[in-house]
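Read in the numbering used here, the sequence shown has 97 at position 97, and its numbers run on one by one without any break.
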Amino acid sequence: MSAKTQKKASLNAQFMNPKAQQLRYLVLDYLSHNCYTRTAKAFARDSIVRHLDADGDEVPRPEGEGDSFGITDDELKQIELRRDVQTSILSGRVDDATNALNTHFPAVLSDGHATPERPKSSSSSHDIIDSIIPLSVEPAHLYLNLRILAFVEAARTIPLNYASGPTTAESAVEDSALSDISNGVANIREPDLIPDSDAHLERLFQHACELYDCSQLLKDPADRAAYHKELASISSLLAYKVPEKSPMASYLSQNRREQVADEVNSAILYRAGLSPISYLELYVRYTGVLWQYLNDLRIKMPPAAGMPPGVRIPVRRPVTSNATVPPTKAQATDKDNSEIAPLFDLRSFLSS
């Protein structure tokens with residue numbers, strides 16, 4: 001066996017038999033990326049791998065295995081700050097989120113800050129962003145997206161409350177207080193202006209003009225065209241007395257807030273020199289694309305007896321029978337398809 005083949009076999013063995021620490025890190029990375037601070041702390045504390053001797057006494061870890069809980073105080077602080085930004089956006093408090101970004105993560109909305117270098121073995125950061133998430137980490141784009149969301153929140157006539165799901169009485173009181181004063185209302189809205197007043201509509205119109213002026217500063221003509229189209233759509237919110245009941249209601253949904261929150265969270269991680277998405281999501285996407293290619297190329301799967309121990313192919317989705325196809329031909333087609341690599345579906349995989 002050649003050295004190259006041995007190396008490949010060794011790498012495959014690592015995937016087939018991952019160490020407990022590797023799986024633990026994968027979960028911690030997912031929790032940290034999504035700002036599940038309390039869960040990450042509890043999981044890091046309770047899942048630390050301990051090695052015991054025959055008498056049940058703990059022994060030192062093997063060389064190369066870390067001694068820490070897997071998450072540092074500095075990392076926890078950064079997660080908390082990201083969570084604050086995320087909660088502000090999900091609550092419609094765009095100006096609060098912008099102020100927090102400028103204070104704690106200035107590189108996200110400013111071109112004047114350098115981004116930490118990534119390991120040389122990794123792909124180009126721009127290639128990563130373009131290929132795995134349909135979002136942008138460019139400061140100008142993020143600023144515009146936040147201001148567009150602020151405009152949408154100011155045009156809102158029906159409050160949209162966000163429940164962050166507190167796990168302690170203290171945080172419940174804090175979240176309740178935040179909801180009472182600002183949930184669903186952007187900071188640009190003047191407190192003495194009612195939504196239907198002429199002054200309020202004039203303020204919204206001025207805000208829309210400011211957004212258009214900002215979009216004109218974009219260097220890329222394609223970006224300018226895309227944002228002009230977006231601004232034309234959201235400006236139509238002004239035409240409706242209750243935009244939540246208009247054809248443009250999707251702009252006022254919680255999903256819209258979530259998209260911006262995810263984009264900003266990815267940008268914070270990217271500017272910190274970290275992966276913009278969790279490794280778990282990256283692996284799921286990679287697996288999905290891999291099986292998609294195998295299916296497109298109609299690669300046939302080996303018999304189950306010929307597969308390595310522990311390997312199983314994705315669950316096949318049920319195929320709807322076609323009454324127009326003769327039974328004999330349909331049976332032959334079904335048999336042929338049963339041998340082709342199936343598509344990967346995460347929900348089917350988890351429920352199987």
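The beta-carbon is built from N, C-alpha and C at its ideal position, and this holds for glycine as well. No experiment lies behind these values; they were computed from the predicted model shown.
Using 8 Å as the threshold, is the C-beta distance between residue i and residue j below it?
{"i": "V94", "j": "L160", "result": "no"}
{"i": "C35", "j": "I79", "result": "yes"}
{"i": "I148", "j": "E230", "result": "yes"}
{"i": "R312", "j": "G92", "result": "no"}
{"i": "L144", "j": "Y227", "result": "yes"}
{"i": "V152", "j": "V264", "result": "no"}
{"i": "V137", "j": "S266", "result": "yes"}
Per DSSP, residue i is paired with what?
{"i": "I234", "result": "DSSP output for I234 lists no bridge partner at all."}
{"i": "I340", "result": "K300"}
Mark residue i as exposed unless 16 or more other C-beta atoms lie within 10 angstroms of its C-beta, in which case mark it buried.
{"i": "Y270", "result": "buried"}
{"i": "S352", "result": "exposed"}
{"i": "L142", "result": "buried"}
{"i": "C248", "result": "It should be pointed out that residue 248 corresponds to Met in this sequence rather than to Cys. Counting Cβ neighbours within 10 Å, M248 comes out buried, since at least 16 surround it."}
{"i": "S235", "result": "buried"}
{"i": "F344", "result": "buried"}
Among residues of its own chain, excluding the 5 on either side of residue i, which ones have a beta-carbon nearer than 7 Å to its beta-carbon?
{"i": "L294", "result": "A341"}
{"i": "M301", "result": "I313, E339, A341"}
{"i": "L28", "result": "A40, F43, A44, G70, I71"}
{"i": "G288", "result": "F344"}
Which of helix, strand or coil does DSSP assign to residue i?
{"i": "C214", "result": "helix"}
{"i": "P106", "result": "helix"}
{"i": "C209", "result": "helix"}
{"i": "E263", "result": "helix"}
{"i": "L204", "result": "helix"}
{"i": "K219", "result": "coil"}
{"i": "E138", "result": "coil"}
{"i": "A272", "result": "coil"}
{"i": "G288", "result": "helix"}
{"i": "R312", "result": "coil"}
{"i": "G306", "result": "helix"}
{"i": "R83", "result": "helix"}
{"i": "N99", "result": "helix"}
{"i": "T39", "result": "helix"}
{"i": "S197", "result": "coil"}
{"i": "I133", "result": "Annotation note: pLDDT 46 at I133 (below 50); position unreliable, no value reported."}
Suppose the cutoff is 8 Å on Cβ atoms and the five residues either side in sequence are ignored; what does the same chain contact list for residue i look like?
{"i": "R224", "result": "S215, Q216, L218"}
{"i": "E244", "result": "R156, T157, I158, L252"}
{"i": "L350", "result": "none"}
{"i": "W291", "result": "P314, A341, P342, L343, F344"}
Excluding the 5 residues preceding and the 5 following residue i in the sequence, name in chain order all residues of the same chain whose CB lies nearer than 6 Å to its CB.
{"i": "V284", "result": "L346"}
{"i": "R298", "result": "I340"}
{"i": "T103", "result": "none"}
Say yes only if the C-beta of residue i is nearer than 7 Å to one or more non-hydrogen atoms of the ligand MN, and no if none qualify.
{"i": "G273", "result": "Among the components modelled here there is no ligand, and therefore nothing to report on the ligand MN."}
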